[in-house]
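Inspection log for the structure reproduced underneath, given as structure tokens.
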Amino acid sequence: MTGEHSGVPSVPTVPATVEPLPSPEILWRSERPELVALQWEARRRIASPWGMLAVALLESLLTIPHGVLYRSKLHPDGSPLNLAIALVGSSGAGKSTLYHGVAYALEFLGADVPDPESVRSGEGIPALMGWMEKGEDGAVVLVWRRGDHAVSLHYDEVGQLGAQAARTGSTISDAIKSLTSGERLGGQNSKGDGLTIPARSYRAVVTVAVQPSRAAPLLNDEAVAGGLAARFVYALVEDPTIAHLPIPTRSTERVTVPLTQRDNGVRFVDALPVMDAAHEADTRAAHRGEREPVDSRLLLNRAIIAIAFANLAGRAVLIDEDWELAGAFMAQSLQTREAVQDAVAAPVEDQRARLEAKMMERMQTMRGEGATFQEARRRLSRPQGDALTAMIRESRFTPW
0 MTGEHSGVPS VPTVPATVEP LPSPEILWRS ERPELVALQW EARRRIASPW GMLAVALLES
60 LLTIPHGVLY RSKLHPDGSP LNLAIALVGS SGAGKSTLYH GVAYALEFLG ADVPDPESVR
120 SGEGIPALMG WMEKGEDGAV VLVWRRGDHA VSLHYDEVGQ LGAQAARTGS TISDAIKSLT
180 SGERLGGQNS KGDGLTIPAR SYRAVVTVAV QPSRAAPLLN DEAVAGGLAA RFVYALVEDP
240 TIAHLPIPTR STERVTVPLT QRDNGVRFVD ALPVMDAAHE ADTRAAHRGE REPVDSRLLL
300 NRAIIAIAFA NLAGRAVLID EDWELAGAFM AQSLQTREAV QDAVAAPVED QRARLEAKMM
360 ERMQTMRGEG ATFQEARRRL SRPQGDALTA MIRESRFTPW
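First residue of the sequence shown? That's 0 in numbering that gives the first Met the number 0, and the numbers climb one at a time after it.
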């Protein structure tokens, strides 16, 4: 029995509702110099501002010391500031443009931001961070490749990620889950051979280039049940709303991002009251079965993004606007993820028909330009080439 008469305080009933996310559009109405510079540079390159902002947020996180954690009332021990973002667009949608654009728009003062790297298996990730070396006393110690313990991983195609996961016993997907949670990586055998990266000893970000119709490895039932789907935030790399915008005639005014705000050695970034309230309501909703598994990290990812916004503004502490801007980014993420889910769920026949139509249009264009059949065939993407082979075999296409 509980209650005031038993001497045990009652647990208050908390409203079921979690505050809705703000509209994505409010983000680009902000007058923060770093956001103005990113939006301006995106227009100058005819690039998606969402994709460019995603890269800037990741680079912001990479400049925060690896020992800094996000602390809320529900998790007073803190959470690592590691993040994974899916860059959504067709194959070759312009990752290099995004990174070059961020480098032109922003300067992280005195920072050596690591370049994105790729690995073929989960076991290869620890080797990007360091190696084991025997000291003069015979003890084997971990030697870090970078003094800041930071690493940036990138996969050029989500299909590549899925294939690697299948080929290596899902070590890639397991490693990404461990990486974003700041868990221990690697391991050693009974002889002491191998490489172990201690938990919470590194800063890591992950990007995956996602073609919507091939995104099943991130959003299928296994990915949702296993927690991989919840790890990813989504950013639109091909944005139809920018297609009609003119290129600015004036060059972008580069913004310097100071990093001295971390010089005082503060280990935690504390949640704002509104964030603690959101975490509490969300956790209670989860216990009532009212939260989708794919959204289990939505608020944590939002908090990490809010910290990245604060860091871009030269602050080590959060303000309400950081949380609001992060909410707008997450609203865009959910919209983009929903579109990707629709593409994944589309019938295979519809996907095949779209691929064939696109291939036929390309072949007709190249034929009109005077290309031979073999020349035109060599210029097709691999999926289009496979579609052409199938159509020829089924007598639905006649080479010229």
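From the three backbone atoms N, C-alpha and C, an ideal C-beta is built for every residue, glycine too.
Discussion item. The alpha helix (DSSP H) that contains residue 309, what's its start and end?
Written reply: The continuous alpha helix (DSSP H) containing residue 309 extends over residues 297 to 311.
Item to complete: Grab me the residues of residue 23's own chain with a C-beta within less than 6 Å of its C-beta, minus the 5 sequence neighbours each way, in chain order.
Response: 327, 330, 331
Worksheet item: From residue 120 to residue 157, what distance separates their C-alpha atoms?
Response: In this structure, the straight-line span from the alpha carbon of residue 120 to that of residue 157 is close to 14 Å.
Worksheet item: I think residue 247 touches residue 39, with their Cβ atoms under 8 Å apart; what is that distance to the nearest whole Å?
Response: 6 Å
Fill in: Span of the alpha helix (DSSP H), counted from its first residue to its last, around residue 96
94 to 104
Item to complete: Have a look at residue 212 and residue 333 and give me their C-alpha separation to the nearest angstrom.
Response: 17 Å
Worksheet item: From what residue to what residue does the beta strand (DSSP E) around residue 89 run?
Response: Residue 89 -> no beta strand (DSSP E), and no H or E assigned at all.
Practice prompt. Report the three-state DSSP secondary structure of residue 196 (helix, strand or coil).
Written response: strand
Worksheet entry | Candidates 116, 104, 73, 222: closest to residue 154 by CA position | 116
Worksheet item: Does DSSP put residue 153 in a helix, in a strand, or in coil?
Response: Looking at residue 153 - three-state DSSP - the assignment turns out to be strand.
Worksheet item: Any idea what DSSP makes of residue 84, helix, strand or coil?
Response: strand
Worksheet item: Do three or more CB pairs link the stretch 213 to 229 to the stretch 338 to 348 at distances below 8 Å?
Response: Result yes; three or more Cβ-Cβ pairs closer than 8 Å.
Worksheet item: What is the DSSP secondary structure of residue 54, counted as helix, strand or coil?
Response: helix
Worksheet item: Going along the chain, which residues of its own chain have a beta-carbon closer than 8 Å to the beta-carbon of residue 232, five neighbours each way excluded?
Response: Excluding residues within five positions, the ones whose Cβ falls inside 8 Å are 53, 82, 83, 84, 85, 300, 304, 328, 329, 332.
Discussion item. According to DSSP, simplified to helix, strand and coil, what is residue 78?
Written reply: strand
Discussion item. Based on DSSP bridge pairs, tell me the residues matched to residue 209.
Written reply: 87
Worksheet item: What three-state label does DSSP hand residue 107 in the structure shown?
Response: Here residue 107 sits in strand by DSSP.
Fill in: 4 or more residues per run - each alpha helix (DSSP H) lying fully within the stretch 312 to 375
319 to 344, 347 to 367
Item to complete: Could you tell me if residue 394 is buried or exposed, where buried requires 16 or more neighbouring beta carbons within 10 angstroms of its beta carbon?
Response: exposed
Practice prompt. Check the DSSP bridge columns for residue 24 and list the partner residues they point to.
Written response: Residue 24 has no beta-bridge partner at all, per DSSP.
Discussion item. Output needed for residue 104: all residues of its chain with C-beta closer than 7 Å, excluding positions within five of it in sequence on either side, in chain order.
Written reply: 36, 37, 40, 251, 253, 254
Worksheet entry | Cβ contact (3+ pairs, closer than 8 Å) linking the stretch 267 to 279 and the stretch 123 to 141 | no
Practice prompt. Assign residue 119 to one of three DSSP states: helix, strand, or coil.
Written response: coil
Worksheet item: What is the DSSP secondary structure of residue 202, counted as helix, strand or coil?
Response: strand
Discussion item. Using the three-state DSSP reduction, which class does residue 217 fall into: helix, strand or coil?
Written reply: helix
Fill in: Cβ neighbours of residue 306 in the same chain (closer than 8 Å, five flanking residues each side left out)
60, 63, 69, 80, 268, 317, 321
Discussion item. Given this structure, state the Cα-to-Cα distance separating residue 302 from residue 325, to the nearest angstrom.
Written reply: 7 Å
Discussion item. Please list the terminal residues of the continuous beta strand (DSSP E) segment that includes residue 269.
Written reply: 267 to 269
Worksheet item: DSSP three-state call for residue 143: helix, strand or coil?
Response: strand
Item to complete: Assess, as a yes-or-no matter, whether the stretch 347 to 357 is touched by the stretch 378 to 396 under the definition of 3 or more beta carbon pairs within less than 8 Å.
Response: yes
Fill in: Cβ-based burial, residue 65 [other Cβ within 10 Å; buried from 16]
Counting the other Cβ atoms within 10 Å of the Cβ of residue 65 gives 16 or more, which makes it buried.
Discussion item. Quick check: the Cα distance between residue 288 and residue 345, rounded to an integer number of angstroms?
Written reply: 28 Å
Worksheet item: Going by beta carbon distance, what residues of the same chain come within less than 8 Å of residue 383, once the five residues before and after it are set aside?
Response: The residues are 354, 357, 358, 361.
Discussion item. Using DSSP's beta-bridge definition, name the partner residues of residue 70.
Written reply: 269
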